[in-house]
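Chemist: Below you'll find the structure I mean.
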Amino acid sequence: MIVLGIETSGETASIALRDEETVLASRAFASRASLCERLAAEIGSVLEHLGEARRPDAIAVSRGPGSFTSLRIGVVTAKAFAHRFGIPLVGVPTTEVVAWPFADEAGASVAVLLPAWNTALYLAVYFAGGDAGLPERVAPVAVEPAEAVGRLSETEGPLWLVGGGALTHRDALESALGSRARFAAPALCEPDAAALADLARRQLSGADPAAAFRLRPLYIVPSQAERTAGIDLGLTGQGDA
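If you number the sequence shown the way our numbering does, the last residue is 261 and the count never jumps.
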């Protein structure tokens, strides 16, 4: 099965084609200023690696949390390509994508800390090393750095710390967690379309093609406009996966 992964949650967008064994093609580009203009064309360029068919077997999209506008663009574009090809589409939480390279770390947990707004972080924690993928230990939530450190201090066992927030707050995390803390290399701290496609392959069995049209971004928190106006449009929930 060849899966097209589309990752648009952060500062860098990435696209990848992956089969059961390897990455067939990938691209990455700075996304904030040009995502809407470039994404479809970049996907088309990656699909050229499939030859005349130019059709993957399924699509996976990172659904957040992350940049609100970039997530919307990514999800809408993924829906359009899934509809065009008549293939399944699955959405995967961005925190799970970042944790995926550490899924085989038996006996450890994986804490993902991603930048949110201002000083806040998106935090999620997963159990690693099992046969069931990445079971949630702490569901994705938005917290201030001090609260994130406090929550992680209450966990037990070895803890991989990944994501941009782990890099920014490394000193505080090392002080609180001591020898339990294991920090990922910076290159593994960004969400990546190849990891997304690999993870999604395990979720595609029996996927309902109609579910693609119900897929929504996972925002976690109200938008800046909602916070400023003091309103809640009800867009922060899990939505359909």
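For each residue, glycine too, the CB sits at the ideal point set by N, CA and C.
V169 to A201, Cα distance in whole Å?
Modeler: Near 11 Å, if we compare the C-alpha coordinates of A201 and V169.
Chemist: Please say whether F122 and V112 have beta carbons closer to each other than 8 Å?
Modeler: In this structure, F122 does not lie closer than 8 Å to V112 by Cβ.
Chemist: Who are V182's beta bridge partners in DSSP?
Modeler: Looking at the DSSP assignment, V182 forms a beta bridge with V132.
Chemist: Terminal residues of the continuous beta strand (DSSP E) containing I79?
Modeler: Start and end: A78 to S82.
Chemist: As a quick exercise: from P237, L238 and A214, pick the residue whose alpha carbon is nearest that of D39.
Modeler: Cα-wise, what sits closest to D39 is A214.
Chemist: Near R92, what residues of its chain come up, given a Cβ to Cβ distance below 8 Å and the 5 sequence neighbours on each side ignored?
Modeler: Result list for R92: P237, in chain order.
Chemist: Which same chain residues end up closer than 6 Å to T115 when comparing Cβ atoms and leaving out the 5 residues on each side of it in sequence?
Modeler: Answer for T115: V132, A144 and P160, listed in chain order.
Chemist: Once DSSP output is grouped into helix, strand and coil, what is the label at A207?
Modeler: Correct three-state label for A207: helix.
Chemist: Write down the C-beta distance between P211 and A192 rounded to the nearest angstrom, noting that I regard them as a contact closer than 8 Å.
Modeler: That belief does not hold up - the Cβ atoms of P211 and A192 are roughly 23 Å apart, past 8 Å.
Chemist: Any idea what DSSP makes of S199, helix, strand or coil?
Modeler: Of the three classes helix, strand and coil, the one that applies to S199 here is helix, per DSSP.
Chemist: Considering just the uninterrupted stretch of the alpha helix (DSSP H) at G64, what are its terminal residues?
Modeler: Start and end: L55 to L67.
Chemist: What does the alpha-carbon distance come out to for the pair L109 and P178?
Modeler: Taking the straight line from one Cα to the other gives about 34 Å.
Chemist: When DSSP labels each residue in this structure, what does P108 get in the three-state scheme?
Modeler: DSSP places P108 in coil when its eight states are reduced to three.
Chemist: What is the rounded straight-line gap between the Cα of I22 and the Cα of A217?
Modeler: Taking the straight line from one Cα to the other gives about 9 Å.
Chemist: CA-CA distance, G84 and Y239?
Modeler: The straight-line gap from Cα to Cα measures roughly 6 Å.
Chemist: Give me the Cβ distance between A33 and L67, rounded to the nearest whole Å; I'm assuming they're in contact under 8 Å.
Modeler: That belief does not hold up - the Cβ atoms of A33 and L67 are roughly 16 Å apart, past 8 Å.
Chemist: Can you tell me which of the three DSSP states R236 falls into?
Modeler: If DSSP states are grouped into helix, strand and coil, R236 belongs with coil.
Chemist: What are the partner residues of E156, as DSSP defines its beta bridges?
Modeler: E156 pairs with Y146.
Chemist: Under a Cβ-count criterion, where at least 16 other Cβ atoms within 10 Å of its own Cβ denotes burial, should T28 be classed as buried or exposed?
Modeler: Counting Cβ neighbours within 10 Å, T28 comes out buried, since at least 16 surround it.
Chemist: So, helix, strand or coil for A33, using DSSP?
Modeler: Strand.
Chemist: To which residues of the same chain is Q258 closer than 7 Å at the C-beta, ignoring the five residues directly before and after it?
Modeler: Since pLDDT at Q258 reaches only 49, below the 50 mark, its modelled position is unreliable, and the value read off the structure follows with that caveat. Around Q258: L238.
Chemist: Per DSSP, what kind of secondary structure is R92 in: helix, strand or coil?
Modeler: Here R92 sits in helix by DSSP.
Chemist: What number of angstroms, rounded off, separates the C-alpha of G71 from the C-alpha of Q223?
Modeler: So the two alpha carbons sit approximately 26 Å from each other.
Chemist: By Cβ distance, which residues of its chain are closer than 6 Å to H189, with the 5 residues on each side in sequence left out?
Modeler: Answer for H189: P165, listed in chain order.
Chemist: Report the residue from L197, G184 and R75 whose alpha carbon sits nearest the alpha carbon of L208.
Modeler: It is G184 whose Cα lies nearest to the Cα of L208.
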